[in-house]
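Notes to accompany the following structure.
2 protein chains.
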Amino acid sequence: MEPTALKENFKAYQKKMRAYNHAMGVLQYDFETVMPKGGAEGMGETLGILSEESYKLSVSDELRAMIAELLAQKDALDFQTRREAEELLEDIEKIEKIPMEEYVAFEKLTNKASFVWHSAKPDNDYKSFEPFLAEIIEYQKRFAKYIKPELPAYDALLDGFERGMTQAMLDPYFKNVRESLVPLIHEIGRAKQPDMSFLERPYALNKQRAFSDYLMEVMCIDRSHCSIGEVEHPFTTEFNKHDVRITTHYHEDMMHDSMYSVIHEGGHALYELHTGDDLIGSVLAGGASMGIHESQSRFYENIIGRSEPFIEYIFPKMREIFPSELTAVTPHEFFLAVNKCTPSLIRTQADELTYSLHIMVRYELEKRLIGGSLSTKDLPEAWNAMYKEYLGITVPSDREGVLQDSHWSGGMFGYFPSYSVGSAYAAQMLSSMQKELDVWNLVSTGELAPIIAWLTERIYKHGMLLKPNELVQNACGAPFDPKYYTDYLTKKFRAIYSI
Amino acid sequence: MEPTALKENFKAYQKKMRAYNHAMGVLQYDFETVMPKGGAEGMGETLGILSEESYKLSVSDELRAMIAELLAQKDALDFQTRREAEELLEDIEKIEKIPMEEYVAFEKLTNKASFVWHSAKPDNDYKSFEPFLAEIIEYQKRFAKYIKPELPAYDALLDGFERGMTQAMLDPYFKNVRESLVPLIHEIGRAKQPDMSFLERPYALNKQRAFSDYLMEVMCIDRSHCSIGEVEHPFTTEFNKHDVRITTHYHEDMMHDSMYSVIHEGGHALYELHTGDDLIGSVLAGGASMGIHESQSRFYENIIGRSEPFIEYIFPKMREIFPSELTAVTPHEFFLAVNKCTPSLIRTQADELTYSLHIMVRYELEKRLIGGSLSTKDLPEAWNAMYKEYLGITVPSDREGVLQDSHWSGGMFGYFPSYSVGSAYAAQMLSSMQKELDVWNLVSTGELAPIIAWLTERIYKHGMLLKPNELVQNACGAPFDPKYYTDYLTKKFRAIYSI
Chain A
3 MEPTALKENF KAYQKKMRAY NHAMGVLQYD FETVMPKGGA EGMGETLGIL SEESYKLSVS
63 DELRAMIAEL LAQKDALDFQ TRREAEELLE DIEKIEKIPM EEYVAFEKLT NKASFVWHSA
123 KPDNDYKSFE PFLAEIIEYQ KRFAKYIKPE LPAYDALLDG FERGMTQAML DPYFKNVRES
183 LVPLIHEIGR AKQPDMSFLE RPYALNKQRA FSDYLMEVMC IDRSHCSIGE VEHPFTTEFN
243 KHDVRITTHY HEDMMHDSMY SVIHEGGHAL YELHTGDDLI GSVLAGGASM GIHESQSRFY
303 ENIIGRSEPF IEYIFPKMRE IFPSELTAVT PHEFFLAVNK CTPSLIRTQA DELTYSLHIM
363 VRYELEKRLI GGSLSTKDLP EAWNAMYKEY LGITVPSDRE GVLQDSHWSG GMFGYFPSYS
423 VGSAYAAQML SSMQKELDVW NLVSTGELAP IIAWLTERIY KHGMLLKPNE LVQNACGAPF
483 DPKYYTDYLT KKFRAIYSI
Chain B
3 MEPTALKENF KAYQKKMRAY NHAMGVLQYD FETVMPKGGA EGMGETLGIL SEESYKLSVS
63 DELRAMIAEL LAQKDALDFQ TRREAEELLE DIEKIEKIPM EEYVAFEKLT NKASFVWHSA
123 KPDNDYKSFE PFLAEIIEYQ KRFAKYIKPE LPAYDALLDG FERGMTQAML DPYFKNVRES
183 LVPLIHEIGR AKQPDMSFLE RPYALNKQRA FSDYLMEVMC IDRSHCSIGE VEHPFTTEFN
243 KHDVRITTHY HEDMMHDSMY SVIHEGGHAL YELHTGDDLI GSVLAGGASM GIHESQSRFY
303 ENIIGRSEPF IEYIFPKMRE IFPSELTAVT PHEFFLAVNK CTPSLIRTQA DELTYSLHIM
363 VRYELEKRLI GGSLSTKDLP EAWNAMYKEY LGITVPSDRE GVLQDSHWSG GMFGYFPSYS
423 VGSAYAAQML SSMQKELDVW NLVSTGELAP IIAWLTERIY KHGMLLKPNE LVQNACGAPF
483 DPKYYTDYLT KKFRAIYSI
């Protein structure tokens, strides 16, 4: 085919692939936000049909032929087209390496396992779930071998969620987390705790909604391209850089919960909203990885949103929206309250400082489960021992312990670390950003635009053109270094607790 | 192919067709209700891609082969499968009869014409729109010849919106409307008018929302299968019988506007919600035609919803929701106010009695435009003369006259009559229903379930299995007869105005 025509066809093909993703995304968003609940079955069927069509597009002979022709003239290709071809080829090869019948059997297994987990958790019945988990792990080991036979099995799984993430990188990372943070958390346990009671007063929902609008404004989020929906478990979804949807959940007696949801999801949204225009319609549009995405949400949620300059800046407006609720509360008290550190059982409710210890426990256990040195039978005991050792708390039941997360029932081994690594990327980016911007001065005057511009240039605009490690290098001028994260946390929490 | 396998493939194929419609419906609903407005362009592109795929499915060789094989053994087929095959074949043939290049040119023309109409209307500039309208009419005449060469051109167009609807049926219908209603409307113009001022008081939006929920409850609408969205111009959409979405628009100073939107759209919803279970996933699921659909919305909106027994039944609850707003208003006064008859310029704001005269004007003009006895140049003059003659009002500008509706700019000639015929179907159904049910006694005690059951049996459950005229015969035991409609209106409005 004539090169220009080939490239045009390839771009049009990607647009079609994106259109299916767009449609499925809207259906899923509708499902989560406004669908009458009786529509679930029909929605599931339609999603099934679209996802089959979408799958066919992603492995079709037509696509393979285009990729082969493009990569045959690799050196003549522009960078973006070459990356698109490579990315799509990698997806095809990954799919092809797993024998279809094993893949189908695994899908069935995880469907069944999710179903079992959904009642095992409330019933506190690990025993019923354990055989499924054991079988899932066997599949995961085999799949790891199929996909990246040259890597240790757990590295192959990690790479599936965050390209280039390995045990060689995570072992020292979590060692550093453990060695720096565990003693700090113990020390904080003995310090005086801030008062949080004013956060538990009733905050009217319509005022909270107005507050969300204000937070979006402070974050420079263009509402004509980003809406706020209301759901049980907040998430962000994007269909293209011009249509991003964040969601939140309002509780009358936990205003800070929605506040930090909005800032967190707003961070995800900023990333998507500032993808480069050249990537519209490309398979490389959107965030580079889970870890990089999480670095952005947590940068805004924790580093900016839980900083004292930020609280001081937004406080006058908060007093305007919540005059009676915030009676006699100072910005400093509010700042202390939203940074209270308490080791707890549930990962999703963990504070900024203890969060990574929850992940570390999961990382260590996954490594042993996949490596074969821990059996699923002994897992709850190992879980409980680590919570005791690192967080200093006793796990009263598997419901609040090993059964709390859905990830393993869905076969997602290797996913958890990206949550924690995101926070660590963010801290390193802050340090690098501070060399060029007076970050805290900007935050204290509510000028987030230069910060967003800095991140756009180094991270957002590149979409998936660059890989996670390349983006970190690009933003920080150096490879990933976990020290920034523990230094940042240590300094911040020593100051908060005056220790 | 083995008959069972063939039938199964045919059903699976229809499910796939429905899945595309489902997805496009959700995207459109999202577009109208919650999409951030910056998402419009991307949504349009995705809808374009899906609609192309959906089009390919509807004319594919695979589908043709299945239909041919099924219809070759017509007599051995069950009724539903035979109807499905016939319906899909008719669609294919209709598409094939129009030369592709003419169809594409017409699409371009109507896109352009809609664009021009969108500014011609506010600018009151018929002249800029007129050449487009003239060209659209030429296409419509040609298309009519391609599709049904055996019919007069306007009949072929009417049939495209309501199968079996002809000038031979509509001429006596509108003659009857004209002869019975025009003198009545003139007489009412001289009678004492009811007070409507209390409807223009402010009714808080959250109270109006609660009132909508109550109306849905009275209409026995299962909210787990039907939601209420908020939009500029209310509509109903359905993805399958388990997921129907009505919409409304709240105005503080026009509570009756949203009230009757909800009842009207609720009528559309009831029809869809009670489609037979056998039709799930079939191309015959959903309402039989525009006219039959409109008969249901208007049955609930006007016949039930604007009746005195209904107002009396709901009034205690209305007083509970709007205690201050309805101070010193009686059910009878409310009933009179929502039935006030005033000849007016704008079709969409017309009352129950004058509505069909607006349609009659359009019908007569379309007939002449397609028949060739009226040129687009002379259209505004003809329009204004008919409004003067039948509604007794002077049209001050084309903006409020011939330019008011979008239909013609979209090439939809033959669509308007189905709005009016729907009301006439509804009146005939009422008369038939009254032979078996004590309708007004049921309405006065809020028991709509037997009425819904009656309509389900005769209309709703059949989906598109039966054609419009067959459904009327089925419900009324007789063919369509316009006398019921004018009798119903005459009796109702003579009583209201004591004339």
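In order, the protein sequences belong to chains A and B. Here the first sequence stands for residues 3 to 501, numbered as in the working numbering. Here the second sequence stands for residues 3 to 501, numbered as in the working numbering. Ideal Cβ positions, reconstructed from N, Cα and C, are used throughout, including at glycine.
Pull up the distance between the alpha-carbon of I372/A and that of M362/A, whole angstroms please.
15 Å
Local conformation of G269/A per DSSP, three classes
helix
Evaluate contact between the stretch 412-428 of chain B and the stretch 289-297 of chain B, counting only Cβ atoms and requiring at least three cross-stretch pairs below 8 Å.
yes
Which residues, in chain order, does the stretch 278-306 of chain A contribute to contact with chain B at a C-beta distance below 9 Å?
I282 and G283
With DSSP run on the structure shown, which of helix, strand or coil describes N23/B?
helix
Check each candidate in F33/B, K494/B and E472/B and name the one with the smallest Cα separation from S226/A.
F33/B
If you reduce the DSSP assignment to three classes, tell me which class R225/A lands in.
coil
Determine the DSSP secondary structure at E232/A, reduced to helix, strand or coil.
strand
By the criterion of Cβ-Cβ separation under 7 Å, what are the contact partners of M37/B in chain A?
D245
How big is the Cα-Cα spacing for R300/A and S263/A?
10 Å
Check whether the Cβ atoms of E314/B and S434/B lie closer than 8 Å to each other.
no
Going by Cα to Cα distance, which pick from G27/B, K13/B and K114/B is closest to W410/B?
K114/B
Looking at V285/B: is its Cβ nearer than 8 Å to the Cβ of E47/B?
no
Among S346/A, W385/A and F241/A, which residue has its Cα nearest to the Cα of K17/A?
F241/A
Drop a sphere of 10 angstroms on the beta-carbon of K177/B, count the other beta-carbons inside from all chains shown, and report buried for 16 or more, exposed for fewer.
exposed
Tell me which residues of the stretch 5-20 of chain B have at least one Cβ-Cβ distance to chain A shorter than 9 Å, keeping chain order.
K17, K18 and R20
Tell me D245/A's beta-bridge partners as DSSP assigns them.
N242/A
Going by beta carbon distance, what residues of the same chain come within less than 8 Å of I306/B, once the five residues before and after it are set aside?
I265, F312, V445, L450 and I453
N341/A classed as buried or exposed, judged by whether at least 16 other C-beta atoms fall within 10 angstroms
buried
Cβ neighbour criterion (16 or more within 10 Å) applied to T239/B:
buried
Using DSSP's beta-bridge definition, name the partner residues of T250/A.
E232/A
How would you write the range of the alpha helix (DSSP H) that I372/B sits in, first residue to last?
Y357 to G373
Members of the stretch 222-235 of chain A near chain B, C-beta cut-off 9 Å:
D224, R225, S226, H227, C228, S229 and G231
Length of the line joining the Cα atoms of G50/B and K369/A:
47 Å
Residues that L52/B contacts on chain A, provided the C-beta gap is smaller than 7 Å:
A21 and A25
Return the CA-CA distance between E366/B and G403/B, expressed in angstroms with no decimal places.
15 Å
So, are the CB atoms of L52/B and A25/B less than 8 Å apart?
yes
Between L491/A and chain B, is any beta-carbon pair separated by less than 8 Å?
no
Name the residue from M167/A, H244/A, G269/A and V246/A whose alpha carbon lies nearest to the alpha carbon of V220/A.
G269/A
Suppose you measure from the CA of M257/B to the CA of M320/B; what does that come to, to the nearest Å?
11 Å
Under three-state DSSP, which class holds L467/A?
coil
Decide if the stretch 390-402 of chain A is in contact with the stretch 461-475 of chain A; the criterion is three or more beta carbon pairs, one per stretch, under 8 Å apart.
no
Using a cut-off of 8 Å between C-beta atoms, extract the partners of T249/A located in chain B.
Here the premise fails: no neighbours, minimum Cβ distance about 11 Å.
State yes or no: is the C-beta of F482/B within less than 8 Å of the C-beta of Q430/B?
yes
If you count every other CB in all the chains shown that lies within 10 Å of the CB of D255/B, and 16 or more means buried, which is it?
exposed
For N23/A and Q30/B, what's the separation of their Cα atoms in angstroms?
16 Å
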